[in-house]
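Residue numbers (the numbering used here), protein chains in the order written: chain A, 1410 to 1789; chain B, 1476 to 1772. Ideal placement from N, C-alpha and C gives every residue a C-beta, glycine not left out. It should be emphasised that the depicted structure is a prediction, and the values quoted were computed from it without experimental measurement.
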C-alpha cells in the first residue's frame, strides 16, 4: 500500500514539475490568495484575478492550466479608458483559492514558499493573515486589497513589506447618486447590507450625489441587516419600489441580487424603475434594469502593484484609490432614458470636479450634514 | 396609508411561501415523532435541484424535481433516524452541513461558479404572484385536513404519541414515519424551490440563509399544528416586512430607534406573543425524538 502512495506522490510532483517548466522560466511568480468567494464570484476575486492573469500576465485560466491570450482577446478584458496605461507584465500567476477562513494563513505562506516575488491577499478578510505572514517573512512582499493592516486595537499599522489598497467608495457612490438624481423625478432609494461604517460610506456619498443633481428628491433608505439573504434584499427593494423609488442603489452583497430582482420584476409589471449595482458591473444580472454599477477597480490595483514590481518600483504603504486614481468609477451606461446625453455630461463634469478637488465628497453621514452641493453649471 | 398596507401585503406574499411550506412540512415529520432540524438542508437541496433542473426543462417541472430532491434528503434523514436509530438532532444537523457543502461543490463542479447557477426562466405570475404563493395559501389547509380528518392522519398523530399502540394495531411504524419524513422533506424542497424559481431566478450560493431554522421555530411557535405553523410563518414574514417598511416610511424613526432594534422586531414580537400564550397548550408529541424499537416494549 505504501509504495502505491509513493508512486502517486511521485507522479503528482512529476506532473507539477513538467507543468512548471512549460512556462517561461524567467517570468517571476506573483502569488494571489483569494478569499472564500474564490474564482467565479463575478465580483472582488474575479476582478483581482483579471488584473493579474489577463491584464498583467496576458493569459487565461482554462482546465487547470494557463493558456496565453491573443493581444486582441487581452485588450477586450481591459476597459477602453485604461487600454493605453495597462501594459502586459512578464509574470507567472500562482493562484491559491481559500475554502475556509482557516486557509488564509497557510495559503499565503504556501505561495511565499513557492518563491512568489509578490503575494496578493484579496479582501479585508485576509487582513490578519497577511499581517502575520508578512511579519514572519520580512523578505517577501505583499499587497492587501480593501483594508489597511490593523493591529489588535484596530489602529493602522505600517509594515515595511506590505502595500495596502483601499477604495474611496463614497466618491463612486457620489457619481451613482448624481446619475440617480438626474434619472429620477422625485424619489430614489438606497439599500444597504449591515449598517456599518463601510456601508454608510456608500449611503453618504450617494445622498450627496442626489443632493447635487436633484436637491428636492427624497432618498429612501433601507438596511437589510445581512449580506447573504436574497429574500431580505428583495423585500427591501420591493418595498422601496412600492414607495415610488425610481432608481435603487444597493451596497448589500448577495442581498443586492434580491434588490436587482425586485427592480427587474417591477419593470416587468410596467414600472419605470432602475437599479444601480455595486463592486463589479452587475448588468449581466438584469441587462434591462441595471442602469450602471459603482465599480471598484480591484483589477487596476492588482495590475498596478505587479507593474510596479516589474519596474523595481514597488513600495510599501497605504494607497487610497478614488475617482482620481481610477479606483472607483461607474460602469458604462448602456440603457437609454430621456435626457441621457445631458445626464452623462453632467456626471462627467462632477467627476472632474471631484478629481480636481473642487468637490469633497462626504464619507460619513455626519460629514454629509455639512455638505454643500456644488452649484450646477446649467441644467440639472 | 393604503399604499403602505398594500406594499406590506405585496412583500409578505412574496416572502412568506418558502417559510410556510417548510414550517408545515416540519410539523408532519415531528407529529410522526421524528425531530427534523434538517429542514435547512432539505430546502437547500430543493432550491438547488429546482434551479439546476429548470436549466434543461420547463421551470414548473424543475419545481417538481426540487420537491423530489427534498423528499430524497428526507428519506435519508428518515432512514438514519428510523432504521439506523441514530440521534435525530445529530442526523438533522449533519444533513444541514452536508447539503451546505454539497451545494457549493456542485455549483463549482457543474457550473464552475461559486456564486450561483446561470439564470433560469422564472415561474409565471398569476394575479401578480407566483403560483407557489397561492399554493402556499392552500397547503396548510390541505395538510390540516389530512392530519386531523383522515385515518392516515390519526395514525400519524398516534405514531408520534405512542408508537407501540400503532404497532399493536398492525400498522408498520417505520413505514408510516418514513412517509411522514419524506413528505416533510418534499414540502421543505418546495419551499426551497420557491426561493430559486419565484423569489430569484437562479440558485444563489447562500440559499436558504437560515430560513430552515426559522421554519423549525415557526413550527414550535405554532404548537406542532399545520395551521399554527403556517400562521407563525406568516407572522415572521410579516414582522420582517413591517420593520423594512417602517424604516423606509418613517426615516425619522431610524434617527431615534437604532437599526438593531428594528432588526430584532420580528423576534421581539415573537417573544411577546409567546408570553401571552396560555401555558400548557404548547406540547410536543410524546414520542418525539424517541426511535421506535419493536423489541423494547
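query, result
"For residue 1482 of chain B, go through chain A and note every residue whose CB falls closer than 8 Å to its CB, in chain order.", "1647, 1648, 1651 and 1652"
"What whole-angstrom Cβ distance do residue 1745 of chain B and residue 1678 of chain B have, given they're in contact under 8 Å?", "The pair is not a contact, with the Cβ atoms about 29 Å apart (cut-off 8 Å)."
"Does residue 1571 of chain B come within less than 8 Å of chain A when only Cβ atoms are used?", "no"
"Strictly below 8 Å CB to CB, what residues from chain A border residue 1716 of chain B?", "1644 and 1648"
"Could you tell me which residues DSSP pairs with residue 1628 of chain A in its beta bridges?", "A:1597"
"Whole angstroms is fine: what's the gap from residue 1778 of chain A's alpha carbon to residue 1579 of chain A's?", "15 Å"
"Check this for me: beta carbons of residue 1689 of chain A and residue 1699 of chain A, under 8 Å apart or not?", "no"
"Along the alpha helix (DSSP H) that carries residue 1673 of chain A, what are the first and last residues, could you check?", "1664-1677"
"Give a yes or no on whether the C-beta atoms belonging to residue 1501 of chain A and residue 1572 of chain A are separated by under 8 Å.", "no"
"Count the other C-beta atoms from every protein chain shown that fall within 10 angstroms of the C-beta of residue 1629 of chain B, then say buried if there are 16 or more, exposed otherwise.", "exposed"
"Excluding the 5 residues preceding and the 5 following residue 1694 of chain B in the sequence, name in chain order all residues of the same chain whose CB lies nearer than 7 Å to its CB.", "1498, 1501, 1502, 1505 and 1704"
"For residue 1545 of chain B, count neighbouring C-beta atoms within 10 Å of its own C-beta (all shown protein chains included) and say buried if the count is 16 or more, exposed if not.", "buried"
"Checking 8 Å against the spacing of the C-beta atoms, do residue 1707 of chain B and residue 1714 of chain B come in under that value?", "no"
"In chain order, which continuous runs of the alpha helix (DSSP H) of length 4 or greater are located wholly inside the stretch 1467-1518 of chain A?", "1480-1486"
"With a 10 Å radius around its C-beta and 16 neighbouring C-beta atoms as the bar for buried, classify residue 1700 of chain B as buried or exposed.", "buried"
"Can you have a look at residue 1778 of chain B and say buried or exposed, based on whether 16 or more other CB atoms are within 10 angstroms of its CB?", "There is no way to answer for residue 1778 of chain B, as the model of chain B reaches only from 1476 to 1772."
"Between the stretch 1679-1706 of chain B and chain A, which residues of the former have a C-beta closer than 9 Å to a C-beta of the latter?", "1679, 1680, 1681, 1682, 1683, 1684, 1685 and 1686"
"8 Å is my cut-off, CB to CB: does residue 1734 of chain B come that close to chain A?", "yes"
"So which residues of chain A does residue 1486 of chain B contact, with C-beta pairs closer than 7 Å?", "1644, 1647 and 1648"
"Alpha carbon to alpha carbon, how far is residue 1705 of chain A from residue 1607 of chain B? Give it in angstroms, no decimals.", "38 Å"
"Given residue 1657 of chain B, which residues of its chain have a CB within under 7 Å of its CB, disregarding the five upstream and five downstream residues?", "1546, 1549, 1550 and 1553"
"Just mark residue 1564 of chain A as buried or exposed, buried being the case when its beta carbon has 16 or more other beta carbons within 10 Å.", "exposed"
"Look at residue 1581 of chain A and residue 1554 of chain A and say whether their C-beta atoms are less than 8 Å apart.", "no"
"On the DSSP bridge assignment, give the partners of residue 1659 of chain A in chain order.", "A:1600"
"Okay, do the stretch 1553-1566 of chain B and the stretch 1580-1587 of chain B touch, 3+ Cβ pairs below 8 Å being the bar?", "no"
"For residue 1529 of chain A and residue 1503 of chain A, I'd like the C-alpha separation in whole angstroms.", "10 Å"
"Out of curiosity, what's the CA-to-CA distance linking residue 1514 of chain B and residue 1662 of chain B?", "9 Å"
"Given that residue 1667 of chain A touches chain B, what residues does it touch there, using C-beta distances under 8 Å?", "1674 and 1675"
"Taking 6 Å as the limit between beta carbons, can you name the residues of its chain near residue 1560 of chain A, skipping five residues before and five after?", "1566"
"Whose CA, out of A:1756, A:1651 and A:1447, lies closest to the CA of residue 1740 of chain A?", "A:1756"
"Under 8 Å, with one C-beta from each stretch per pair, do the stretch 1720-1727 of chain B and the stretch 1623-1639 of chain A reach the 3-pair mark?", "yes"
"Have a look at the DSSP bridge pairing and note the partners of residue 1550 of chain A.", "A:1527"
"Are residue 1505 of chain A and residue 1442 of chain A touching if we call contact CB-CB under 8 Å?", "yes"
"Spell out a yes or no on whether the stretch 1622-1639 of chain B and the stretch 1513-1527 of chain B are touching, meaning 3 or more CB-CB pairs, one atom from each, closer than 8 Å.", "no"
"With residue 1668 of chain A and residue 1682 of chain A assumed to form a contact (beta carbons below 8 Å), what rounded beta-carbon distance in angstroms separates them?", "Contact flag wrong, Cβ pair sits at about 11 Å."
"First and last residue of the beta strand (DSSP E) that includes residue 1732 of chain B?", "Counting along the chain, residue 1732 of chain B falls outside any beta strand (DSSP E), and DSSP gives it neither H nor E."
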